[in-house]
Amino acid sequence: MKKLILLSAGLVMLVAGLVQAQEQLLDKVVVIVNNDVITENQIQELTNKVVRNSASSGQDLPPKDELQEQVMNRLILESLQLQLAERLGIKISDSQLENTIDNIIRGEKKTREAFLADIEKQGITYNQFREDIRTEIILGEVGRSQVQRRVKVSEQEIQALMKLIDEQDKGTIRYHVGHILLRVGSDESATQQLAESIVSQLKAGENFNQIAMTNSQGPKALEGGDWGWMTLEEMPTLFAGVVKNQHKDTVLGPIRTESGLHIIKVLDAEGLQKVETLEVNARHILIKPSIILSDKKAESLLAEFRQQLVLEEVTFEELARQYSEDPGSAVRGGELGWSDPQSFVPAFKDTVTRLNAGELSQPFRSTFGWHLLEVLDKRTTDTTNKASENRAYQMIFNRKFNEETQAWQEELREEAYVEILDGDA
Numbered sequence: 004m005k006k007l008i009l010l011s012a013g014l015v016m017l018v019a020g021l022v023q024a025q026e027q028l029l030d031k032v033v034v035i036v037n038n039d040v041i042t043e044n045q046i047q048e049l050t051n052k053v054v055r056n057s058a059s060s061g062q063d064l065p066p067k068d069e070l071q072e073q074v075m076n077r078l079i080l081e082s083l084q085l086q087l088a089e090r091l092g093i094k095i096s097d098s099q100l101e102n103t104i105d106n107i108i109r110g111e112k113k114t115r116e117a118f119l120a121d122i123e124k125q126g127i128t129y130n131q132f133r134e135d136i137r138t139e140i141i142l143g144e145v146g147r148s149q150v151q152r153r154v155k156v157s158e159q160e161i162q163a164l165m166k167l168i169d170e171q172d173k174g175t176i177r178y179h180v181g182h183i184l185l186r187v188g189s190d191e192s193a194t195q196q197l198a199e200s201i202v203s204q205l206k207a208g209e210n211f212n213q214i215a216m217t218n219s220q221g222p223k224a225l226e227g228g229d230w231g232w233m234t235l236e237e238m239p240t241l242f243a244g245v246v247k248n249q250h251k252d253t254v255l256g257p258i259r260t261e262s263g264l265h266i267i268k269v270l271d272a273e274g275l276q277k278v279e280t281l282e283v284n285a286r287h288i289l290i291k292p293s294i295i296l297s298d299k300k301a302e303s304l305l306a307e308f309r310q311q312l313v314l315e316e317v318t319f320e321e322l323a324r325q326y327s328e329d330p331g332s333a334v335r336g337g338e339l340g341w342s343d344p345q346s347f348v349p350a351f352k353d354t355v356t357r358l359n360a361g362e363l364s365q366p367f368r369s370t371f372g373w374h375l376l377e378v379l380d381k382r383t384t385d386t387t388n389k390a391s392e393n394r395a396y397q398m399i400f401n402r403k404f405n406e407e408t409q410a411w412q413e414e415l416r417e418e419a420y421v422e423i424l425d426g427d428a
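Taking the working numbering, the leading residue of the sequence shown gets 4, the next gets one more, and so forth.
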């Protein structure tokens, strides 16, 4: 019996050794990267992926040796970044991963079934696809966490780029300009009153050409004050000084010069971007569920408050000051002030955007708790200049971020222990 047991143990060890030897043959370690390794299978998988992508896009590949070197370098860099992410505690939950995949599918405008079928046609399992996306997210997070703090953008850089963009756009932006000139006679006060009256009429939507033909003493009076389409360089200095960056139907003036009082209207404009942002002035009452106050009770309490407000038994300000758990707005009767809805969490943003001015919401839930919301007013604000500033900042930031990312990756590689066991890199 003892011999039989020893023989069985020997066979187990032999089989285990053969399996291990077979696994090593199937998947050999090629590179040691700090505490991690890169295997032949990993290199082959990434190579196959690159070849598939190249075939689908019709892009030529480098020679085999160069391709292998690029693949190996990519895997080394990914390994270093993933090891750093682990040390920093950067993890992606399954729910976050699935939300990202759902967004990808929506972006492809496909059903989930059709999307998964396309993946399978490429020889990729769903689990492989999920882990590839998880890796991409982690690499993005660790890169941002390390590089973002290295990027500095000064106000001078932003203004200089805005000026450069503005200069480049000058020749492509054209304005259709209307002009009325009132010469100042002996009764200066009457001329001023007439000018202000004309401005009021034009802002109210009265016909510019008719008013110009009736009142203007300028060179284009017979043409209804119409100067046609011009760039800033083509128009008189007076026009260029006030028309720049103005949009269609803007009325400017009266402007006093030696010639008299000028009224200018931008009849139309092309090539000029206008960015308008919706802003809302709202107030709310926030109730946070707790061990003492259940989720259902918090909703019920706000429903009672709403009924009291509809019956005018109490004011919104009184309820907010007494019950709201948002300390910043409670002292102001729940008022949040003028805000861009995009600055709010999704549930709050959707509700405040949907409601009309003066409308009171039903109780609704956000990540902060239960809200009762009233929209006091809405307005559209011209944020073109702010958008241009943001655009300039983003362009500079992206350039510097790309430069710093490359520098950071090179530093990461230089500081690492990398040993290539098979081949050269």
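By construction, the Cβ of each residue, glycine as well, lies at the ideal position given by its N, Cα and C atoms. In this text, all values refer to a predicted model and were calculated from it rather than measured experimentally.
- Query: Is the Cβ-Cβ distance between Glu-407 and Arg-153 less than 8 Å?
  - Reply: yes
- Task: Assign Ser-203 to one of two classes, buried (16 or more other C-beta atoms within 10 Å of its C-beta) or exposed (fewer than that).
- Result: exposed
- Any idea if Gln-149 is buried or exposed, counting beta-carbon neighbours within 10 angstroms, 16 or more meaning buried? buried
- Message: Buried or exposed for Gln-196, going by 16 or more other Cβ atoms inside 10 Å?
- Response: A residue is called buried when at least 16 other Cβ atoms come within 10 angstroms of its Cβ; Gln-196 does not meet this threshold and is exposed.
- Message: Just to confirm, is the Cβ distance from Ile-41 to Leu-78 under 8 Å?
- Response: In contact: Ile-41 and Leu-78 (Cβ atoms closer than 8 Å).
- Jot down the residue ranges of each uninterrupted beta strand (DSSP E) in the segment 89-153, minimum 3 residues, whole runs only, in chain order. none
- Task: Determine the burial state of Lys-277: buried for a count of at least 16 other Cβ atoms within 10 Å of its Cβ, exposed for fewer.
- Result: exposed
- Item | Beta-carbon proximity list for Glu-418, same chain, < 8 Å, skipping 5 on both sides | Cβ neighbours of Glu-418 beyond the five flanking positions: none.
- With a 10 Å radius around its C-beta and 16 neighbouring C-beta atoms as the bar for buried, classify Pro-366 as buried or exposed. It counts as buried.
- Query: When the Cα atoms are used, what is the spatial distance from Ile-8 to Phe-132?
  - Reply: Unreliable placement is indicated for Ile-8, whose pLDDT of 43 sits below 50; the coordinate value is still reported in the next sentence. Going from the Cα of Ile-8 to the Cα of Phe-132 covers about 46 Å.
- Item | Closest by C-alpha distance to Trp-411, when choosing among Ser-369, Leu-167, Leu-205 and Leu-80 | Leu-80
- Taking the alpha helix (DSSP H) that Asp-353 falls in, what are its first and last residues? From DSSP, the alpha helix (DSSP H) with Asp-353 extends over 349-357.
- Taking the Cβ atom as the reference point for each residue, do Leu-235 and Val-245 lie within a distance shorter than 8 Å? no
- Quick one, are the C-beta atoms of Glu-279 and Thr-383 less than 8 Å apart? yes
- Task: Return helix, strand or coil for Asn-248, following the three-state DSSP convention.
- Result: coil
- Report buried or exposed for Gln-62, applying the criterion of at least 16 other Cβ atoms within 10 angstroms of its Cβ. exposed
- Item | Of the listed residues Ile-266, Val-145, Phe-211 and Pro-239, nearest to Leu-185 (C-alpha basis) | Ile-266
- Item | For Thr-50, the nearest candidate out of Glu-69, Ile-35 and Asp-298 (CA to CA) | Glu-69
- Ranges of the alpha helix (DSSP H) found wholly within the segment 174-213, counting only runs of at least 4: The segment 174-213 contains these whole alpha helix (DSSP H) runs: 191-206.
- Task: Could you name the residues that DSSP lists as bridge partners for Ile-423?
- Result: Val-34
- Message: What does the alpha-carbon distance come out to for the pair Ser-342 and Ala-306?
- Response: 25 Å
- Between the C-alpha atoms of Asn-76 and His-374, what's the straight-line distance to the nearest angstrom? 52 Å
- CA-CA distance, Ser-391 and Glu-158? So the two alpha carbons sit approximately 13 Å from each other.
- Item | Short Cβ contact (8 Å threshold) for Gly-372 with Lys-291 | yes
- Query: Grouping DSSP H, G and I as helix and E and B as strand, with all else coil, what is Asp-169?
  - Reply: helix
- So which of Gln-47, Ser-57, Gln-84 and Glu-72 has the shortest CA-CA distance to Asn-38? Gln-84
- Under 8 Å Cβ to Cβ from Val-54, same chain only, skipping five residues before and after it: list those, please. Leu-64
- Task: Starting from Arg-382, follow its DSSP beta bridges and name the residues at the other end.
- Result: Glu-282
- Message: If you reduce the DSSP assignment to three classes, tell me which class Asp-229 lands in.
- Response: strand
- Query: Roughly how many whole angstroms lie between the Cα atoms of Lys-403 and Lys-389?
  - Reply: 21 Å
- Message: Determine whether the beta carbon atoms of Val-180 and Met-238 lie at a separation below 8 Å.
- Response: yes
- Message: Please state whether the Cβ-Cβ distance between Val-378 and Ala-395 is less than 8 Å.
- Response: no
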